[in-house]
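Take 1 as the starting number for the sequence shown in UniProt numbering and just add one per residue.
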Amino acid sequence: LALYLVLVAASDARGVSYYGDKRLAELLALPRDDIGRARRRLVECGLIAWRRPYYQVLSLDPDDIRRSRPRGRSPRESDPGRAGRTMDIREVLLRMAGEPSGAGDGPDPGAPSLDEPAGPKD
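Okay, structure coming up:
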């Protein structure tokens with residue numbers, strides 16, 4: 001996800017980014033191998049195109065995005081808990097990181113509340 005966000009932020013009006021893998025690895029403080037893995041995943045998902053050294057962020061038109069679920073399965077079959085509801089950004093990020101989202105469990109009791117200031121508690 002971090003690679004995608006940098007590419008979106010650094011791309012021109014056509015979605016083209018001129019950062020190479022070395023610079024992206026420096027910006028993201030990631031090994032170049034991780035950049036390569038992230039790039040392959042983004043290409044597989046239809047989010048970017050890549051031809052060394054150029055990246056292009058592709059349109060997010062729902063008809064153009066290849067879903068990252070098993071072939072032949074609808075979203076409802078792929079994730080019955082997801083059907084009929086909108087995912088919040090936390091769930092999206094956790095899923096992309098490969099962690100369980102805890103969807104439907106309510107707010108994380110350890111998460112800071114928006115009503116209380118962040119920082120150490122006395």
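The C-beta atom is built at its ideal place from N, Cα and C for all residues, glycine as well.
No experiment lies behind these values; they were computed from the predicted model shown.
Nearest-angstrom Cα separation, counted from residue j out to residue i
i	j	result
Arg23	Cys45	23 angstroms
Leu58	Gly15	7 angstroms
Ser11	Arg95	25 angstroms
Gln56	Gly98	25 angstroms
Ala13	Asp33	28 angstroms
Tyr19	Pro53	7 angstroms
Leu60	Leu1	15 angstroms
Nearest to residue i (by Cα), restricted to the options the options
i	options	result
Asp21	Asp12, Pro31, Arg14 and Ala13	Pro31
Arg51	Ser17, Asp12 and Ser59	Ser17
Glu26	Leu3, Leu60 and Tyr54	Leu3
Nearest-angstrom beta carbon gap, residue j and residue i [assumed within contact, 8 angstroms]
i	j	result
Leu28	Val6	6 angstroms
Gly42	Ile48	A small fix is needed here, since residue 42 is Leu in this sequence, not Gly. Right, the Cβ-Cβ distance comes to about 4 angstroms (below 8 angstroms), so this counts as a contact.
Classification of residue i by the beta-carbon crowding that lies within 10 angstroms, buried from 16 upward
i	result
Ala38	buried
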